[in-house]
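*Asks:*
2 protein chains.
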Amino acid sequence: MQTYASTDKTTLSEEYKKLSDAYAAFKAQGLSLNMARGKPGSEQLNISNDMLTVLTPDTCFKTDDCPDSRNYGNLDGLNMAKKLFGDILGVDQKNVFVGGNSSLNMMFDTIACLMEQGCGDKPWNQQGTIKFLCPAPGYDRHFGVTAYFGIENITVPMTENGPDMDIVEKLVAEDASIKGIWCVPKYSNPQGITYSDETVRRLAALKPVAKDFRIIWDNAYIIHDINGTPDQLLNIFDVIKGTENEDMVLEFCSTSKITFPGAGVAAMAASENNLALLKKRYQFQTIGYDKLNMLRHVLYFKDLDGVLAHMQKHRAVLEPRFKMVTDTLEQELAGLGIAHWTNPNGGYFVSIDVMDGCAKRVVSLCKEAGVVLTGAGATYPYGKDPKDSNIRLAPTYPPVEELEKAMAIFCICVKMAAIEQLTK
Amino acid sequence: MQTYASTDKTTLSEEYKKLSDAYAAFKAQGLSLNMARGKPGSEQLNISNDMLTVLTPDTCFKTDDCPDSRNYGNLDGLNMAKKLFGDILGVDQKNVFVGGNSSLNMMFDTIACLMEQGCGDKPWNQQGTIKFLCPAPGYDRHFGVTAYFGIENITVPMTENGPDMDIVEKLVAEDASIKGIWCVPKYSNPQGITYSDETVRRLAALKPVAKDFRIIWDNAYIIHDINGTPDQLLNIFDVIKGTENEDMVLEFCSTSKITFPGAGVAAMAASENNLALLKKRYQFQTIGYDKLNMLRHVLYFKDLDGVLAHMQKHRAVLEPRFKMVTDTLEQELAGLGIAHWTNPNGGYFVSIDVMDGCAKRVVSLCKEAGVVLTGAGATYPYGKDPKDSNIRLAPTYPPVEELEKAMAIFCICVKMAAIEQLTK
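Which chain is which? The protein sequence lines are L and C, in order.
Residue numbers for the first sequence follow our numbering, beginning at 1 and rising by one.
Residue numbers for the second sequence follow our numbering, beginning at 1001 and rising by one.
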C-alpha cells in the first residue's frame, strides 16, 4: 500500500470523498459511543461480584493486629491486607500502608504532605517555584495533582523504554527546584510501555541536586496483563535497597481495576522513613480507613495466587477487545504513513499518534459522529500536546459491538484528518 | 453529707487511709481496664451486622444517577445517599456531599482546601498567622487538625448552652485573623452539651471581620440519643437561610457510630458556593468514594425512619451504661464538693471536672491501678487544661463488668486526689 504522503492529490481527494460518505452514513445513525474512559466494563465488574457476600455476621472480625475490624483504629491498615499488597508489590509488609478506595487520593495526600512538611530541610511549599517531571504522554490526573498544588509540570518525552533518561538525569542534576517525577512504570497510561530494566536502574541511581526529590511510582497496572506475553518490570525497591536512594521511591497501587473501581482498596509501599513522615500527617487526617473492605478483599482472594487467578478472568475479557482494536488499526491504517500506535501487553489503553497537527481534528470529527474520545492533549501537562498528535483509546468500557463501530469511525476520521492536512 | 473542704484534716486523713486501702486492693488485682476510647462496644457493632449481607451479585447496581455503582464516578456520592444524609441533617440533598468512611478526614480536607484555596480574597495560608476558636473542653482531634496546619488554636470556654457567645462575638468582631470555630453542637464531646437555640442563632448571626470565616459544624452525635429525653438542636441551616451568612457553615456527620466506625460513610452539608469550592479540590484528589458502601447503607436503612429505629437499638445498649456511670458518680461523689459532672442525654461521653489541679493526678492514680482514661488536658487545645480539672469518661467500649470496676476505682482516685490537694 502507498503512503498518503506519496499519493497524488487527486487520488487523495477521491479517497476523501469516499471517506466523507462513509462518515456521513455513520453520522446519520445518531450514535452515542464512548472510548474515552479507562473504566472496566460490566463483564469485568461481574467477575468480582462474589466478593460482596464474603463478609457475614459470622465472620471473625478479630485479626492478629486488631481486636475488631469493624471498629476504629489501625491507621495504616490490617496486617493481613499489608501482607497481600506486599506480595503483590514484592515488598515486605512492614513497608506497606493500606488506605482507602483510591490510590490517586493517596498520591494526592502524599504530594500534600510533602508540600506541607517536606522531606528535607524545608517543606516544598516554602521553596518558591518547584517543578515536577511529567513523562508524556502520561496520565492526566497525575499532572492535575501537581498543577493543583502550584507545582510546575515539566514534560519529559517517553521512549519505548520509559521516560527519556538522558533528559531526566540532566534535569535533576542541574535544577534543585525539580522535586519529583510521575511514573507509571508498567503498562504506562496511555502507551502501555513497561520501563526497561536499564530505565529502572537509572531512575534508582538518580543523583538529584534536590535532596528532597521523590519518585512517584504509580504501579496501577502491576498485574494487569492482557495476553500471554506479559511484560516484566524490575522491582525498583530491590534496586534501591542499601543505596543512598532508599527513601526516593513511593509506590502506589489499588484494586480498582482488580475488583471494583468504586469500592476497591488502595495501598502504598515506602521506606520506613517515608511511612513515618506520611503518618505524621495521616494521624491528624483520619483514625483509619475501611478495614471491613480490606478484610473482604483478603478473605476473597486469600493470597497472591488468588489475585493472579482473578486477573486471568479480566484478561479473558480484555484480550479480544484489545486485539480487535489493534487489528482494526492494522487493517485500516497500516502502511498509510499517517499513524503509529502501541500494541500493549497489558494496561487499559492503546495510544495512537496520528499525523502532527491532526489529533484535535480527529477527536472533533469523532465527536461530531457521536464517538467520544479522551480530549486531544489530555495526556500532556496542561492538556497541551506540542505536536497535537497523541490520542488515547480506551477499549475496556463500551460493549464490544459499540467498540467495533467506534473503531470504524475512528479510522475514517484519522484518514480524513490526514488528507485534510496533506491537501490544504 | 459534709464537703471535703469543710471537713477537718484528721477526718480527711482517716478517709484517705481507707481510700488507700481500697485502692491498693484494686491495684493488687493487676487490672487492665480502659475508659479512654469513644468507641462503640461489641454489642453495638453486632447491631449492624446484617448490613454486611445487603449487597449480593443480584443487587441492582444502577441508580438514578449512576449507571453502575461498582464503577468509577460520582465524585460527590450517589443521589440516594445524599437523600438519606439530607434527611438526617435536615437539608436538601443538593447541599450534600457524601464521601469516604471518615468525617474527620472530610473536615481535614476542608481545612486543607481553605488553607490552599481560601474562601475569600486570599487562601488562608497566604495570610500569615491565622487563628481558630476552640470551645473547650472539646474534641482533641479537631484541635489537632488546625494545629497540624499551623493555625493558632484559641480556647473559648464552654457554658451549659454551648460556647460562651459573648466571647466568640467579641473575638470575631475584633480579629480578622480568626478564620473559624470548631463546634460539636449536639451532645458535645466531651460534655454532652447541646447548643441552645440562642447559641445557634447567635452563631448564625455572627459578624466576623474576617469575610472568610467558617463554622465547622461537626454534628457527630446528631441522632445519638441515649435516653427518653433527647435534646433538640436548632437547624443552623434553617437559621442562616436567606441571610448574608449562608456560606458560613459547613456541617459534617458520619455513620461511624451508627453502623461501623471502621466502615461507615461520611457526609457534609454546605451551601452550593462552598460545595463548588471544595469540589475544585476534590476533583483532583479522587475520582470518587466507595459507592458500594453508600449503596449498602441506603439499602439497609431504606430511609430516615430506618436509621432512627436503628439508633434505638444503640440506645438500648448505651442507656444502662451511662446510667451506671452517672449513678456511681452521684453515689460516690455527690455532696463532697470535689467534682461536678454532666448527665448527657446523648453522645459518647460523661465529662467530669474534679478539683482544680487534680485531673492529672486522678488520671495518673487510675493508670497505676490499671485503669486507662483519656489523658488529662486532652480536651483542651495543645493538651493544656488551664485548671487541670477536666476528665473525659467514655462508657461505651469496655464490657459492663469492667466499666463498673473502672468507675469504682475512678471515684476512689478522685477522692484521694482531692484530699491530697486539701491536706498538702
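Cβ coordinates follow ideal geometry from the N, Cα and C atoms, glycine included.
Classify residue 1377/C as helix, strand or coil using the three-state DSSP reduction.
*Replies:* The answer is coil: DSSP assigns residue 1377/C none of H, G, I, E or B.
*Asks:* Smallest Cα separation from residue 401/L: which of 339/L, 320/L, 365/L, 345/L?
*Replies:* Among 339/L, 320/L, 365/L, 345/L, the Cα nearest to that of residue 401/L is on 320/L.
*Asks:* Using the beta-carbon of each residue, which ones in chain L are nearer than 8 Å to residue 1303/C?
*Replies:* Here the premise fails: no neighbours, minimum Cβ distance about 23 Å.
*Asks:* Report the neighbours of residue 108/L on chain C: residues whose CB is nearer than 8 Å to its CB, in chain order.
*Replies:* Under the 8 Å cutoff, chain C gives 1284, 1285, 1286.
*Asks:* Leaving out five residues on either side along the sequence, give the residues of the same chain with a beta carbon under 6 Å from the beta carbon of residue 406/L.
*Replies:* Same-chain partners within the cutoff: 33, 35, 371.
*Asks:* Looking at C-beta atoms only, is the number of pairs between the stretch 1359-1377 of chain C and the stretch 1213-1221 of chain C that lie closer than 8 Å three or more?
*Replies:* Contact fails: fewer than three Cβ-Cβ distances are below 8 Å.
*Asks:* Between 57/L, 11/L, 302/L, 87/L, which lies nearest to residue 1046/C when the distance is taken from Cα to Cα?
*Replies:* The shortest C-alpha separation from residue 1046/C is found at 57/L.
*Asks:* Could you tell me the alpha carbon to alpha carbon distance between residue 415/L and residue 342/L, rounded to whole angstroms?
*Replies:* Between residue 415/L and residue 342/L, the C-alpha separation is close to 18 Å.
*Asks:* Let me see if you follow: with CB-CB separation under 8 Å, is residue 101/L close to chain C or not?
*Replies:* Chain C, which has a Cβ nearer than 8 Å to the Cβ of residue 101/L, makes this yes.
*Asks:* Just verifying my parser: in three-state terms, what is the DSSP assignment at residue 1224/C?
*Replies:* Coil.
*Asks:* Name the chain L residues that come within less than 8 Å of residue 1007/C, Cβ to Cβ?
*Replies:* Under the 8 Å cutoff, chain L gives no residues; its nearest Cβ is about 43 Å from residue 1007/C.
*Asks:* Which stretch, first to last residue, makes up the beta strand (DSSP E) that contains residue 974/C?
*Replies:* In this structure chain C extends from 1001 to 1424, so residue 974/C is not present and cannot be described.
*Asks:* Cutting at 8 Å between CB atoms, please list the residues of its own chain near residue 315/L, excluding the five before and the five after it.
*Replies:* Contacts found: 225, 226, 227.
*Asks:* Would you kindly report the start and end of the unbroken alpha helix (DSSP H) that includes residue 97/L?
*Replies:* Where residue 97/L is concerned, there is no enclosing alpha helix (DSSP H), although the beta strand (DSSP E) it sits in stretches over 96-98.
*Asks:* Between 3/L, 189/L, 24/L, 96/L, which has its C-alpha nearest residue 408/L's C-alpha?
*Replies:* Nearest C-alpha to residue 408/L: 24/L.
*Asks:* Would you mind reading off the limits of the beta strand (DSSP E) that contains residue 1180/C?
*Replies:* Unbroken beta strand (DSSP E) run through residue 1180/C: 1178-1183.
*Asks:* Check whether the stretch 175-188 of chain L touches the stretch 130-144 of chain L, taking contact to mean three or more Cβ pairs, one atom from each stretch, closer than 8 Å.
*Replies:* Verdict: yes, contact present.
*Asks:* Is there a C-beta anywhere in chain L that falls below 8 Å from the one on residue 1291/C?
*Replies:* It does: the Cβ of residue 1291/C has a partner Cβ on chain L nearer than 8 Å.
*Asks:* Are the C-beta of residue 39/L and some C-beta of chain C separated by less than 8 Å?
*Replies:* For residue 39/L, the answer is yes, since a Cβ of chain C falls inside 8 Å of its Cβ.
*Asks:* I'd like to know if the stretch 1085-1097 of chain C and the stretch 282-289 of chain L are in contact, where contact means that at least 3 CB-CB pairs between them fall below 8 Å.
*Replies:* Taking 8 Å as the limit for Cβ pairs, the verdict is that the stretch 282-289 of chain L does not touch the stretch 1085-1097 of chain C.
*Asks:* Go through its chain and collect everything with a Cβ distance to residue 142/L's Cβ below 6 Å, but skip five positions before and after it.
*Replies:* Same-chain partners within the cutoff: 182.
*Asks:* Taking 8 Å as the cut-off, decide whether the C-beta atoms of residue 1349/C and residue 1394/C are in contact.
*Replies:* Against a cut-off of 8 Å, the Cβ pair of residue 1394/C and residue 1349/C comes out as a contact.
*Asks:* Are the C-beta of residue 204/L and some C-beta of chain C separated by less than 8 Å?
*Replies:* No, no contact with chain C.
*Asks:* Please return the same chain residues whose Cβ sits closer than 6 Å to the Cβ of residue 300/L, not counting the five positions on each side in sequence.
*Replies:* So the list reads 51, 54, once near-sequence residues are dropped.
*Asks:* How would you list, in chain order, the residues of chain C whose beta-carbon sits under 7 Å from the beta-carbon of residue 72/L?
*Replies:* Result: 1039, 1261, 1262.
*Asks:* Name, in chain order, the residues that DSSP records as bridge partners for residue 1215/C.
*Replies:* Bridge partners of residue 1215/C: 1181/C, 1249/C.
*Asks:* Can you find a CB in chain C that lies within less than 8 Å of the CB of residue 68/L?
*Replies:* Taking Cβ atoms only, chain C reaches closer than 8 Å to residue 68/L, which makes this a yes.
*Asks:* Cutting at 8 Å between CB atoms, please list the residues of its own chain near residue 1345/C, excluding the five before and the five after it.
*Replies:* 1187, 1192, 1194, 1225, 1226, 1227, 1229, 1230, 1231.
*Asks:* In chain order, what residues of the same chain have a beta carbon less than 7 Å from the beta carbon of residue 296/L, not counting five sequence neighbours either side?
*Replies:* Cβ within range, chain order: 51, 54, 55.
*Asks:* Interface residues of chain C around residue 145/L at Cβ under 7 Å?
*Replies:* Those within 7 Å of residue 145/L in chain C are 1284.
*Asks:* Please list the segments of the alpha helix (DSSP H) lying wholly inside the stretch 285-330 of chain L, counting only runs of 4 or more residues, in order along the chain.
*Replies:* If we require 4 residues or more, the alpha helix (DSSP H) runs fully inside the stretch 285-330 of chain L come out as 291-301.
*Asks:* Write down the C-beta distance between residue 1175/C and residue 1209/C rounded to the nearest angstrom, noting that I regard them as a contact closer than 8 Å.
*Replies:* Yes, residue 1175/C and residue 1209/C are in contact; Cβ-Cβ is about 7 Å, under 8 Å.
*Asks:* Could you tell me the distance, in whole angstroms, from the CA atom of residue 327/L to the CA atom of residue 259/L?
*Replies:* Their Cα atoms are separated by approximately 28 Å.
*Asks:* Strictly under 8 Å for the Cβ-Cβ distance: is residue 57/L near chain C by that measure?
*Replies:* It does; some Cβ of chain C falls within 8 Å.
*Asks:* The ligand SAM and residue 48/L: does the residue's C-beta get closer than 7 Å to at least one heavy atom of that ligand?
*Replies:* With respect to the ligand SAM, the structure shown offers nothing to examine, as it has no ligands at all.
*Asks:* At a Cβ threshold of 8 Å, is residue 1053/C touching chain L?
*Replies:* Judged by the 8 Å Cβ criterion, residue 1053/C is in contact with chain L.
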